[in-house]
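Report on the structure given below.
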Amino acid sequence: MEEIKVEFEVKAFGEEMKEDYEEAIKSCEIFRTMTLPKNTTIDQLESIVSELFDEMKVNYADQKPQLGAKIVLRSKEENDRVISLG
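Here the sequence shown stands for residues 35 to 120, numbered as in the working numbering.
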């Protein structure tokens, strides 16, 4: 079965309470790669992102952070064809 290399970049931003500061923002970021079957669906990718979001939320205790994700598929062109890297 053909495989693809997928990169996941997840960022979280949220307020935090810090003594002696009027305002404080906390930012966290994770970067992960996976090799997945080429027939992986958008729903399956969203499920992985959801798990990563849950992992990030732990860093914010009772706060609700703003979350964002970027998914990158690595590929190249070879003989006028797109070749997925895996």
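All C-beta atoms in this analysis are idealised placements derived from N, C-alpha and C, irrespective of residue type, glycine included.
Whole-Å CB distance - residue i paired with residue j, under 8 Å assumed
i, j, result
"residue 47", "residue 61", "5 Å"
Residue i at chain D interface by Cβ criterion, 8 Å
i, result
"residue 89", "Absence of chain D from the displayed structure is noted, only one protein chain being present."
C-alpha gap between residue i and residue j, whole angstroms
i, j, result
"residue 56", "residue 35", "55 Å"
"residue 78", "residue 86", "13 Å"
"residue 112", "residue 81", "31 Å"
"residue 53", "residue 97", "16 Å"
Range of the contiguous alpha helix (DSSP H) that encloses residue i
i, result
"residue 78", "76-91"
From the options, residue whose alpha carbon lies closest to that of residue i
i, options, result
"residue 107", "76, 119, 59", "119"
"residue 45", "75, 38, 51, 83", "83"
"residue 38", "66, 59, 52, 70", "70"
"residue 76", "113, 109, 110, 105", "105"
Segment limits, beta strand (DSSP E) that includes residue i
i, result
"residue 104", "100-107"
"residue 46", "37-49"
Whether residue i touches residue j by CB criterion (8 Å)
i, j, result
"residue 59", "residue 49", "yes"
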